[in-house]
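Quick notes on the structure that follows.
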Amino acid sequence: MQTAAPNAPLPTNRPDRSPMKPLLLLAGIWGITALSTLYAQKTTPPSRLPAFPGAEGAGKWSKGGRGGNAIAVTNLNDSGPGSLRAAVEMREPRTILFRVSGTIELQKPIRIAHPFITIAGQTAPGDGICLKGYDLQIGATHDVIVRYLRCRPGDKTSKASERDAISIWDARDIIVDHCSATWSTDECLSVTNDSDRVTVQHCLIAEALTEHSYGSIIGSHRGAISYLYNLYACNRSRNPRPGGYQTSPGHADDPGPRIDFRHNVLFNWDSGPGYTGAGYLEQPERISMNYVGNYLKPGPDTAAPYRNRAFVIYKGGTAELFLEGNVSGDGTVSRPATPQSDLLIPSSGSILIHRETPLPLEPLTEKENLKAIDAYKRALEIVGASKPTRDAADSSIIDGVRDGTGRRRMTIPDDAWPTLTSKDPLPDQDNDGLPDAWEQSQGLNPSDPTDANKPSSPSGCTHLEVWMNGL
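Using the UniProt record's numbering, read the sequence shown as starting at 1 and increasing by one per residue.
Here it is, written out as structure tokens:
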């Protein structure tokens, strides 16, 4: 039996983007302490399949690990055989499944640098997976799908200052879905630098710590980025902070990011709601953004001048905005092409351009006309790492949003991370990632390890994808 071993440490410079060379498949079985590479038959995935049912926005066509090996995470160690880090640092296309639930106490950040990867947190048996102590990074790579993970760095490590929970940079064809990004000491969940075709959807972006308590930076030189159906709660500012990064060398003439910010919920910001532009920058910033169907609910920490404000455009900022269907703190609903919307605060030296039509970005398929109040109700039910189950920490944040009592946190106690209970994984005799009972229910052979990656009719997805996406 061959098992996957951890790769050499990742380089600190930008990884090469040349096409990946064919790699030998490894065969293995589920182990107690070993990371197991499950036998998978290589197939050519159908073109233009969405990442999963319900994937939306600019990153919806990410291939992730479709057609690659199924990799088992079998322990909660920071590194070594069987760990999440070892699975992430493998170089071939892969879908990471979990045979254990619990909190992984990281000794350093986990960085996804090699493309064609799916992390399926919903497959954990029991209460799910949480990353503690350090952040998850998706950097200088492409075709990444991350679902149903909790990322809570906290402020207790020796290098906790200004640490995100999840950061995406120089990346394309990325989708982060139903993740809980909380307890950071900088932004909770950001997309920056030369990123393109990225979606962040159904995520809980909340309770950033210290005075550096921020929600998101959404920046790119010219890329398309979608933030959809997310819940921002109890962050001091940057809810979000779009920025064009024209200050980066060689990018002064870039148009800036094209952003679809739709059907999000914002609760209990402080003295700083969302903003763009900043007078201290040497060169101006430009953004183009659809700001549609968002629900703003001020809370106990929201300063009076900002209770009905969503967005400040500071000196040096140029914002081309399409506004429609947003509900502000006093119940006002914004309309398209409003000359002076109460949602906005243009500053001296800024430029505000009202669009009469939305930016032509990736259309939403099933929730295009979702009303802001319905986005609010939906977020309370399903946002964040709600599968396998929503844990006590996320439930507390949601309850505070629902009843309007949630407050900002400056720090987090050591015992704040809930205990996540694990269960026995389901039997899988051929080690292809599919439980035996499910294979039998679908007319598959539990003794045939090649059927997991065969296309499923009529969806065109593999059987492994159909099982994961049905959990």
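We treat Cβ as the ideally placed atom computed from N, Cα and C, and that holds for glycine.
Notebook entry, point to check: Do you know how far the Cα of R85 is from the Cα of N235?
Noted result: The residue given as residue 235 occupies position 235 in the sequence shown. The residue given as residue 85 occupies position 85 in the sequence shown. Rounded to whole angstroms, N235 and R85 show a C-alpha spacing of 29 Å.
Item checked: Endpoints, the beta strand (DSSP E) within which Q137 is located -> For the purposes of this step, residue 137 is taken as the residue at position 137 of the sequence shown. DSSP places Q137 in the uninterrupted beta strand (DSSP E) bounded by 136-139.
Note to self: Buried or exposed for G250, going by 16 or more other Cβ atoms inside 10 Å?
What the structure shows: Working through the sequence shown from its first residue, we reach residue 250 at position 250. Residue environment analysis places G250 among the exposed positions, since fewer than 16 neighbouring C-beta atoms fall within 10 angstroms of its C-beta.
Item checked: Neighbour flag for D424 against chain B, beta carbons, 8 Å -> Any reference to chain B falls outside this structure, which holds one protein chain only.
Checklist line | C-alpha distance - P242 paired with G274, whole-angstrom precision | finding: Working through the sequence shown from its first residue, we reach residue 242 at position 242. Working through the sequence shown from its first residue, we reach residue 274 at position 274. Between P242 and G274, the C-alpha separation is close to 8 Å.
Check: If you draw a straight line from the alpha carbon of G272 to that of D436, how long is it in whole angstroms?
Finding: Residue 272 sits at position 272 when you count from the first residue of the sequence shown. Residue 436 sits at position 436 when you count from the first residue of the sequence shown. Answer to the nearest angstrom: the Cα atoms are 52 Å apart.
Next item on the list: Mark N290 as exposed unless 16 or more other C-beta atoms lie within 10 angstroms of its C-beta, in which case mark it buried.
Entry: Numbered from 1 along the sequence shown, position 290 holds the residue referred to as residue 290. N290 should be labelled buried.
Note to self: Using 8 Å as the cut-off, can you tell me whether the stretch 101-117 makes contact with the stretch 373-383, which would need three or more C-beta pairs spanning the two stretches below that distance?
What the structure shows: no
Next item on the list: List in chain order: all unbroken beta strand (DSSP E) runs of 3+ residues lying wholly within the stretch 166-231.
Entry: Entirely contained in the stretch 166-231, the beta strand (DSSP E) runs reaching 3 residues are, in chain order, 166-169, 172-177, 180-182, 189-192, 196-201, 204-206, 217-219, 224-228.
Checklist line | Under 8 Å between C-beta atoms of A171 and S184 | finding: As a working note, residue 171 is residue 171 in the sequence shown. As a working note, residue 184 is residue 184 in the sequence shown. Contact flag unset, no.
Checklist line | Buried versus exposed, by CB contacts within 10 Å (16 or more), Q442 | finding: Within the sequence shown, the letter at position 442 stands for residue 442. Looking at its Cβ environment, which holds fewer than 16 other Cβ atoms inside 10 Å, Q442 is exposed.
Item checked: Run of the alpha helix (DSSP H) containing I382, from where it starts to where it stops -> For the purposes of this step, residue 382 is taken as the residue at position 382 of the sequence shown. It spans 372-382 - the alpha helix (DSSP H) in which I382 sits, taken as one unbroken run.
Item checked: DSSP three-state assignment for A437, whether helix, strand or coil -> Taking the first residue of the sequence shown as position 1, residue 437 is located at position 437. Helix.
Margin query: What residue range does the alpha helix (DSSP H) around S469 cover?
Written below: Counted from its first residue, the sequence shown places residue 469 at position 469. Residue identity check: residue 469 is Asn in the sequence provided, not Ser. Segment 463-469, the alpha helix (DSSP H) holding N469.
Item checked: Distance between beta carbons of A303 and D253, contact taken as under 8 Å -> Taking the sequence shown and counting its residues from 1, the one referred to as residue 253 is at position 253. Taking the sequence shown and counting its residues from 1, the one referred to as residue 303 is at position 303. D253 to A303, Cβ: 37 Å. No contact.
Item checked: First and last residue of the uninterrupted beta strand (DSSP E) at V146 -> Taking the sequence shown and counting its residues from 1, one reaches residue 146 at position 146. That run of the beta strand (DSSP E) goes 142-147.
Next item on the list: For K201, count neighbouring Cβ atoms within 10 angstroms of its own Cβ and tell me buried if that reaches 16, exposed if not.
Entry: Taking the sequence shown and counting its residues from 1, the one referred to as residue 201 is at position 201. Checking the sequence shown, residue 201 turns out to be Gln, not Lys. So Q201 ends up on the buried side.
Checklist line | Terminal residues of the beta strand (DSSP E) in which F452 lies | finding: Locating residue 452 in the sequence shown gives position 452, counting from the first residue. In the sequence as displayed, the identity of residue 452 is Ala instead of Phe. Note, A452: premise wrong, no beta strand (DSSP E); not H, not E.
Item checked: Own chain partners of L359 with C-beta closer than 6 Å, once the 5 adjacent residues on each side are dropped -> In the sequence shown, the residue the question calls residue 359 occupies position 359. Correct list, in chain order: R258, S288, N290.
Check: Which of helix, strand or coil does DSSP assign to A86?
Finding: Position 86 of the sequence shown, counted from the first residue, corresponds to residue 86. Helix.
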